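*Asks:*
Chains as they are written, first to last, in the working numbering: chain A, 3 to 318; chain B, 17 to 295.
1) Would the beta-carbon of residue 170 of chain B fall within 8 Å of that of residue 227 of chain B?
2) Three-state secondary structure (DSSP) at residue 58 of chain B?
3) Please confirm whether residue 168 of chain B has its beta-carbon closer than 8 Å to some beta-carbon of chain A.
4) Pick helix, strand or coil for residue 88 of chain B, following the three-state DSSP scheme.
5) Listing by chain order, which chain B residues have their CB less than 7 Å from the CB of residue 208 of chain A?
6) For residue 155 of chain A, which of B:108, B:255, B:277, B:241 has the nearest alpha-carbon?
7) Check this for me: beta carbons of residue 110 of chain A and residue 198 of chain A, under 8 Å apart or not?
8) Secondary structure at residue 82 of chain B, three-state DSSP: helix, strand or coil?
9) Within 8 Å (strictly less), CB to CB, does residue 13 of chain A reach chain B?
10) State whether the stretch 137-148 of chain B contacts the stretch 198-212 of chain B, with contact taken as three or more CB pairs (one from each stretch) at a distance under 8 Å.
11) Taking only beta-carbon positions, decide if residue 166 of chain A is within less than 8 Å of chain B.
12) CB of residue 286 of chain A to nearest heavy atom of the ligand FMN: below 7 Å?
13) Can you list, in chain order, the residues of its chain with a C-beta nearer than 8 Å to that of residue 107 of chain A? Leave out the 5 residues immediately preceding and following it.
14) If residue 138 of chain A sits next to residue 126 of chain A, beta carbons under 8 Å apart, how far is it from one beta carbon to the other, in whole angstroms?
15) Indicate the three-state DSSP secondary structure (helix, strand or coil) for residue 92 of chain A in the structure shown.
16) With a Cβ-Cβ cutoff of 8 Å, do residue 189 of chain A and residue 232 of chain A count as a contact?
17) Please confirm whether residue 243 of chain B has its beta-carbon closer than 8 Å to some beta-carbon of chain A.
18) For the stretch 242-268 of chain A, which residues have a CB atom closer than 9 Å to at least one CB atom of chain B, in sequence order?
19) Please list, in chain order, all residues of the same chain as residue 274 of chain B whose beta carbon is under 6 Å from its beta carbon, the five residues on each side excluded.
20) Give me the Cβ distance between residue 267 of chain A and residue 96 of chain A, rounded to the nearest whole Å; I'm assuming they're in contact under 8 Å.
21) Using a Cβ-Cβ cutoff of 9 Å, what residues of the stretch 127-139 of chain B are near chain A? List them in chain order.
22) Would you please state the rounded distance, in angstroms, between the beta carbons of residue 291 of chain A and residue 245 of chain A? I believe it to be under 8 Å.
23) Taking 8 Å as the threshold (beta carbon to beta carbon), is residue 118 of chain B in contact with chain A?
24) By the 9 Å beta-carbon criterion, what residues does the stretch 128-149 of chain A contribute toward chain B?
25) Can you name the residues that DSSP bridges to residue 85 of chain A?
26) Does DSSP classify residue 283 of chain B as helix, strand or coil?
27) Please report the residue range of the alpha helix (DSSP H) in which residue 73 of chain A lies.
28) Do three or more CB pairs link the stretch 99-117 of chain B to the stretch 215-234 of chain B at distances below 8 Å?
29) Classify residue 149 of chain A as buried or exposed, calling it buried when 16 or more other Cβ atoms lie within 10 Å of its own Cβ.
30) Give the C-beta separation of residue 121 of chain B and residue 177 of chain B to the nearest angstrom, bearing in mind that I take them to be a contact with Cβ-Cβ under 8 Å.
31) Looking at C-alpha atoms only, which residue of B:279, B:264, B:213, B:246 is the closest neighbour of residue 233 of chain B?
32) Taking Cβ-Cβ distances shorter than 8 Å, what residues in chain C pair up with residue 292 of chain A?
33) Sort A:193, A:294, A:177 by Cα distance to residue 141 of chain A and report the nearest one.
34) For residue 229 of chain A, which residues of its own chain have a beta-carbon under 8 Å away from its beta-carbon, when the five flanking residues on both sides are left out?
35) With DSSP as the reference, label residue 143 of chain B as helix, strand or coil.
36) Is the stretch 65-77 of chain A touching the stretch 20-34 of chain A in the sense that three or more CB pairs, one from each, lie closer than 8 Å?
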């Protein structure tokens, strides 16, 4: 078990380091003149040569690549990704400043997505009407197919402009959170629902269900008591996909609803080619992904007795 | 597999009993038709508008209405299909081609190759593909081709992973050992047995990836990383209409709905192509 944990932790650390290195190569090494990325492309030709040289020296671009790399890596290890080119604030502050907004949005969307997914899976498993099951089973693939920006704009149009139930933009108060939450939850719920529908239908055909039925338990009791628990656990295995959907979705959702957050920060950072900020965000996202995956890898065997047994057998 | 083995007449009969699938094929073929021969589907120009007909609502004359400059939105959708679908095709080809080769090397040569390649793949999987695509586009510069390249690069990792696990499964099969036993060389076995037998899952993934890639391309277009504005592109059309959505909802909703319909249809077709629809 200890060896397993050490291996997984090592891999997580490697992912974070590699994400840093990858973004360093992409953003600082590949562009012929990395300092060009720091200027607005439209004004690039009007920038005097001395100013460029000055900027290059400020950011250390005039030093050898390896020196730059180790300097930046050393500072990044201490949590310092340099200063944002646009705002001049430190990258860490800029990211931490908008993080709570995105965390709130993603956590809420994730909870809502899980509710939707379970509702879909339970309906599909429990119903005996074929048309209803077919309809419900087709919902997840529709949920991942509708572009986030379209569903966001539709919700805006109907609930903010037509009905006036919720504010269209900004982030003040819980009412302004409702529409972005729903927008983000829809694509996130799709893959979870797909997996749950599959697991539920596989579990309902397994041996222990037949045994319980023979002993006199009703279908509803079995679904609620056994199938629900056994089928839900594997949802943890697609944590990575869920996380990616949340990040990608929040970039678009925050843009559509003009909310402060990591997604919107990413978009502005890319638009203005704010290289240190982009690197900071990518490393943060990769680190969160690695951390969440590590947590799932370490906790999953504890939750699933079958896996725990096989790990113990492998260690012995 | 059984569906493919059945005689064509039976397959057509089977299709007739699945109206949703037929509709999905119709939608996708229509979109491909738009991309190949846009002038057949509309007589309007996607660039030149009638400034007197600014923001005309959908009508028999302008099916999707017109935008601020009086340009016919249906025509812009039709011509936009070429930009979006070409980028999608390019992205899937890049991801499929590179991902398959990487997965093959990792799975077939194993050991050190496998370990080294899969750790790198882990890193690419740890960065959400939209974020990775945004970074790549920002380095390459904004254009439809660079979007295609970025989306392609960001999905290489998932192709590599699927190909690798398929290759590992195939390499363990008896017929591969038999091929070695009958004196075939490593590369002959790889080309004759391993590659053809590993590809089916990867092709299924490619089919699924078409829908996902359309979405990714359109999302990047929506964020403004594609071709500059006069060019019609589905994501950009929605973004252009977004500013007027409160007063003229069709400008954003209709192009977006066309896009969503194509993605849903592509997903439906890709599920039907899989051997076991439950998987």
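Yeah, the Cβ is synthetic: ideal placement off N, Cα and C, and Gly gets one too. As the structure is a prediction and not an experimental result, all values here were calculated from the model.
*Replies:* Inspection of the coordinates gives the following:
1) Along the second chain, read from residue 1 onward, the residue named residue 170 of chain B stands at position 154. Along the second chain, read from residue 1 onward, the residue named residue 227 of chain B stands at position 211. Cβ distance not < 8 Å, so residue 170 of chain B and residue 227 of chain B don't count as in contact.
2) Translated into positions along the second chain, residue 58 of chain B becomes position 42. If DSSP states are grouped into helix, strand and coil, residue 58 of chain B belongs with coil.
3) For the purposes of this step, residue 168 of chain B is taken as the residue at position 152 of the second chain. Cβ-Cβ to chain A under 8 Å: no for residue 168 of chain B.
4) As a position in the second chain, residue 88 of chain B is number 72, starting the count at 1. It is a strand residue.
5) Start at 1 with the first residue of the first chain, and residue 208 of chain A comes out as number 206. Near residue 208 of chain A there are no residues of chain B at all, since even the closest Cβ is about 14 Å away, more than 7 Å.
6) In the first chain, the residue the question calls residue 155 of chain A occupies position 153. Checked all of B:108, B:255, B:277, B:241; the closest Cα to residue 155 of chain A is B:255.
7) Position 108 of the first chain, counted from the first residue, corresponds to residue 110 of chain A. Position 196 of the first chain, counted from the first residue, corresponds to residue 198 of chain A. It is not a contact, given that the beta carbons lie outside the stated cut-off.
8) One-based indexing of the second chain puts residue 82 of chain B at position 66. DSSP places residue 82 of chain B in strand when its eight states are reduced to three.
9) As a first step, residue 13 of chain A must be located in the first chain, where it is residue number 11. For residue 13 of chain A, the answer is yes, since a Cβ of chain B falls inside 8 Å of its Cβ.
10) no
11) Here residue 166 of chain A corresponds to residue number 164 of the first chain, with the count starting at 1. Closer than 8 Å: no.
12) In the structure shown, the ligand FMN is absent, as is every other ligand, since no ligand is present at all.
13) As a first step, residue 107 of chain A must be located in the first chain, where it is residue number 105. Cβ neighbours of residue 107 of chain A beyond the five flanking positions: 179, 182, 183, 186, 252, 255, 256, 261, 263.
14) The residue labelled residue 138 of chain A in the question sits at position 136 within the first chain. The residue labelled residue 126 of chain A in the question sits at position 124 within the first chain. Indeed, because the Cβ distance is near 5 Å, the residues count as touching under 8 Å.
15) In the first chain, counting from the first residue as 1, residue 92 of chain A sits at position 90. Note: residue 92 of chain A maps to strand in three-state DSSP.
16) In the first chain, residue 189 of chain A corresponds to position 187, counting from 1. In the first chain, residue 232 of chain A corresponds to position 230, counting from 1. Not in contact: residue 189 of chain A and residue 232 of chain A (Cβ atoms no closer than 8 Å).
17) Reading the second chain from its first residue, position 227 is the one you call residue 243 of chain B. Chain A, which has no Cβ nearer than 8 Å to the Cβ of residue 243 of chain B, makes this no.
18) 242, 245, 246, 247, 248, 249, 250, 251, 253, 254, 257, 258, 268
19) The residue given as residue 274 of chain B occupies position 258 in the second chain. Only 93 meet the Cβ criterion.
20) To locate residue 267 of chain A, count along the first chain from 1; it is residue 265. To locate residue 96 of chain A, count along the first chain from 1; it is residue 94. With 8 Å as the limit, residue 267 of chain A and residue 96 of chain A qualify as a contact, their Cβ atoms being about 7 Å apart.
21) 135, 136, 138, 139
22) Here residue 291 of chain A is taken as the residue at index 289 of the first chain, counted from 1. Here residue 245 of chain A is taken as the residue at index 243 of the first chain, counted from 1. About 6 Å separates the two Cβ atoms, so the contact holds.
23) Residue mapping note: residue 118 of chain B aligns to position 102 of the second chain, counting from 1. Not an interface residue.
24) 140, 143, 144, 146, 147, 148, 149
25) Against the first chain, residue 85 of chain A aligns to sequence position 83. Paired residue(s): A:92.
26) As a first step, residue 283 of chain B must be located in the second chain, where it is residue number 267. In the structure shown, residue 283 of chain B sits in a helix (DSSP, three-state: H, G or I).
27) Locating residue 73 of chain A in the first chain gives position 71, counting from the first residue. Residues 67-79.
28) yes
29) Position 147 of the first chain holds residue 149 of chain A. The residue in question, residue 149 of chain A, is buried, as its Cβ has 16 or more Cβ neighbours within 10 Å.
30) Working through the second chain from its first residue, we reach residue 121 of chain B at position 105. Working through the second chain from its first residue, we reach residue 177 of chain B at position 161. So it is not a contact: roughly 13 Å between Cβ atoms.
31) For the purposes of this step, residue 233 of chain B is taken as residue 217 along the second chain, with counting starting at 1. Closest option to residue 233 of chain B, Cα to Cα, is B:279.
32) In the structure shown, chain C does not exist; the protein chains are A and B.
33) Position 139 of the first chain, counted from the first residue, corresponds to residue 141 of chain A. Per the Cα distances, A:193.
34) As a first step, residue 229 of chain A is located in the first chain; it is residue number 227 there, counting from the start. Excluding positions up to five away in sequence, the list reads 127, 202, 205, 206, 211.
35) Here residue 143 of chain B is taken as the residue at index 127 of the second chain, counted from 1. If DSSP states are grouped into helix, strand and coil, residue 143 of chain B belongs with coil.
36) yes
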